[in-house]
Every structure is written in structure tokens, then in C-alpha cells.
Amino acid sequence: PEQVDAAKARIKALLVRENAVLVAHYYTDPLIQALAEETGGCVADSLEMARFGSQHPATTLLVAGVKFMGETAKILTPHKRVLMPTLEATCSLDIGCPIEEFSAFCDQHPDRAVVVYANTSAAVKARADWVVTSSIALDVVAHLDAQGQKILWAPDKHLGGYVQKQTGADVLLWDGACIVHEEFKAQGVEDLKRRHPGAAVLVHPESPDAVVALGDVVGSTSQLIKAAQTLPNSEFIVATDQGIFYKMQQLCPDKTFHIAPTAGSGATCRSCANCPWMAMNALDNLEQTLRDGSNEIFVDKALGERAMLPLNRMLAFTK
Ligand code: CIZ
Ligand code: SF4
30 PEQVDAAKAR IKALLVRENA VLVAHYYTDP LIQALAEETG GCVADSLEMA RFGSQHPATT
90 LLVAGVKFMG ETAKILTPHK RVLMPTLEAT CSLDIGCPIE EFSAFCDQHP DRAVVVYANT
150 SAAVKARADW VVTSSIALDV VAHLDAQGQK ILWAPDKHLG GYVQKQTGAD VLLWDGACIV
210 HEEFKAQGVE DLKRRHPGAA VLVHPESPDA VVALGDVVGS TSQLIKAAQT LPNSEFIVAT
270 DQGIFYKMQQ LCPDKTFHIA PTAGSGATCR SCANCPWMAM NALDNLEQTL RDGSNEIFVD
330 KALGERAMLP LNRMLAFTK
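When we follow UniProt numbering, the leftmost residue of the sequence shown carries the number 30, and every step to the right adds one.
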């Protein structure tokens, strides 16, 4: 703890020296989330991270999360320096949607509006008509459906399938998945629910169908946090990355949170439900990046300008 305090103090001084602000995702290490809060930064989902970073006056954004979040920040504010604790932190959705194949898929379906999840590369965003996060996916697709548009959705097939069911829109799905959410098991959730009958089940829609079907609330990280605060239940079973417990516990100190099982046995798994790429963000690489300006994010200028259009459409979208 003393070493942690010392590291945090050094990072605080570096943030001031570099005129930088720390923007952290809910799935990062609780130490990083706390540091963001203590230094006037933000802890949020990818939509709010993008909004916060683009509006904050700091000239350097230090983005703790995965690569697409740093790229999004750079695309929205090309004049700012965007740093990340590591450039290795990617996402199975981004990896599973390479631009050449995706672009060919879009070319085969020119009649469809291309809607991509924020968890994609700058090049994929540049090929899209709309970028969405899980916070606004349903609203955007319902809006397009109301205009009679057919949709090509990428990359998460679980979230896309959920959106298709909820909106009734004509949605063609790319075959991608999140390696973290895909592991949640319906049987395990049911078993756990039997042991905690009063618990409400909170599910992120990147989870498989059968798990989503058990959700009392299905939604983005920010929506699940809100549900933890507003539902009367004192216990919750949560199917998303367990980094979210930091914020849930902070806002609801008297409530109990159980991670949804990633095995059918109903045994909870403390080491699972933790994105390996999010976990690459740590105090030591965060400090190193601020100290020497390493791990700066660059996005090709023309690509960035093209990708900015659907990103700004996302930020401007209100129901
Ligand atoms: O799973 C992710 O990476 C999420 C939930 C991103 C986001 O939109 O905050
Ligand atoms: Fe990607 Fe899943 Fe990790 Fe989120 S939790 S960054 S969707 S692999």
C-alpha cells in the first residue's frame, strides 16, 4: 500500500506537469479508476469516455482502457496528444473484424446502413455510416429502422442479435464476439440465482442469448450501474467484466454483488470475467507513459477525418 500511494503521488504530479487528464474505463484496475476520480479525470463507459475526452481542456488525454478507446479519443480530438499505458491492449471484437474482409462484406450489401460498434479499428469506423456503443445501439438501430433502413451490424453478434430482437429491424450480422462476455453460462447463472433468490440479474448484451434471457436488466455498463442503484434488491448477479464492481460497490456500499459464473457448475470464478487486455493497464506502465510520452496514439489523418463523421453522429445522437 505504501508503494501504491507513492506511485499514485508520482502520477498525480506527472498529470499536472504534462497538463494531462486520466480517462479510465469501468473495466480497468480499481486502483486506476480511483486515481482517475482523485485527479479530476473520469471513469466511464466508452461513450462517456469519448465525450469527456473531447470536451476536457487538458492538452494530453491519458486513456486507460483498450486501443479503440485511445483511437476514438485521437479521432475526435486530433490536436490533442493521446497516450495509453500500453499499445498492446486490444479487443477480440477489433481483432475479429479486419478492415479488408469487413469492407468486402459491406461492398456485398450496398443497400444496408453500416452500423459498427465502437470496439473496432479506426479503419472500420471510417467504413461505417454509424458508430454506436452498447448505451445507444438500440436507439440508433430503432431510429434507422423507423426510416425503413436495413442494417449491416458489426462486429459483436450477441449484441447485434439482441438489438435485432428488441427492435425488429432487418439486421445482417458480422460474426464476432467478446471473449470475456461469451464465457458467461446460463446454467451457472440459474444455479447461483437458486442460492441467492433475492438477487437481480444484470447482464451486458455482449453475453450469449441464453444469459441475456435471464437478465432482469440488460444494458451497457453505465445502464447496469444505474440499475444497481435504482433497483430495490440488495443482491445482484452481474454478467460483465468484474472491474465494474468498483463503481457498483462505491455507489451501493450496502449491496452485495456476485459475478455471473463462467462455468456451468455455478461456482463463481474470481479470475474470470476479467478482460485480459483491460488488465494490461497498471500503475507502472501508466506512470512510464506519462514520464516519457511513449505509447502515443496516432491515426492516419484522412482515415481519422472519415471516421470522425460517424463518431460525431454518435455523440450528437439523442432519441
Ligand atoms: O465490453 C466493452 O469493451 C465495453 C462495455 C465497452 C463500452 O462500451 O464501455
Ligand atoms: Fe473487448 Fe470484451 Fe475486452 Fe471489452 S471486455 S475490450 S469487448 S474483449
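Here a beta-carbon is modelled for each residue, glycine too, at the ideal position from N, C-alpha and C.
Cβ-heavy atom distance, residue i to ligand 1, below 7 Å
i           : result
residue 371 : One cannot answer for residue 371 here, as it falls past the ends of the chain, which runs 30 to 348.
residue 310 : no
residue 171 : no
residue 76  : yes
residue 233 : yes
residue 120 : yes
Under the three-state DSSP convention, the category residue i falls into
i           : result
residue 228 : coil
residue 205 : strand
residue 294 : Note that residue 294 scores a pLDDT of 47, beneath 50, so its modelled location is shaky; the value from the coordinates is reported in the next line. Here residue 294 sits in coil by DSSP.
residue 117 : coil
residue 328 : coil
residue 281 : coil
residue 73  : strand
residue 305 : coil
residue 337 : helix
residue 213 : coil
residue 172 : helix
residue 314 : helix
residue 272 : helix
residue 261 : coil
residue 156 : coil
residue 56  : coil
residue 190 : helix
residue 101 : helix
residue 82  : helix
Any non-hydrogen atom of ligand 2 closer than 7 Å to residue i Cβ
i           : result
residue 56  : yes
residue 208 : yes
residue 164 : no
residue 249 : no
residue 148 : yes
residue 204 : no
residue 304 : yes
residue 307 : yes
residue 241 : no
residue 72  : no
residue 153 : no
residue 270 : yes
residue 95  : yes
In DSSP terms, what residue i is bridged to
i           : result
residue 185 : 205
residue 179 : 141
residue 146 : 161
residue 51  : 91
residue 267 : 231, 288
residue 111 : 90
residue 352 : Residue 352 lies beyond the range of the chain shown here (30 to 348); nothing can be said about it.
residue 240 : Answer is none; residue 240 lacks a bridge partner.
residue 247 : 232
Among the options, nearest to residue i - alpha-carbon criterion
i           : options            : result
residue 311 : 45, 47, 51, 42     : 51
residue 91  : 137, 153, 49, 289  : 49
residue 271 : 301, 136, 244      : 301
residue 72  : 266, 206, 179, 275 : 275
residue 79  : 114, 136, 171, 161 : 161
residue 239 : 219, 256, 255, 257 : 219
residue 225 : 317, 287, 106      : 287
residue 34  : 191, 313, 201, 142 : 313
residue 189 : 217, 143, 214, 177 : 143
residue 182 : 39, 278, 290, 135  : 135
residue 74  : 243, 261, 68, 101  : 101
Neighbour flag for residue i against chain B, beta carbons, 8 Å
i          : result
residue 86 : No chain B appears in this structure, which consists of one protein chain only.
Between the region 242-252 and the region 94-112, do three or more beta carbon pairs fall short of 8 Å? no
Do the region 149-157 and the region 53-64 touch if we need at least three Cβ pairs shorter than 8 Å? no
Counting beta carbon pairs with one atom in the region 327-339 and one in the region 227-246, are three or more of them shorter than 8 Å? no
Determine, using beta-carbon pairs with one atom in the region 142-151 and one in the region 123-130, whether at least three such pairs fall under 8 Å. yes
Does the region 188-208 come close enough to the region 161-175 that 3 or more CB-CB pairs lie under 8 Å? yes
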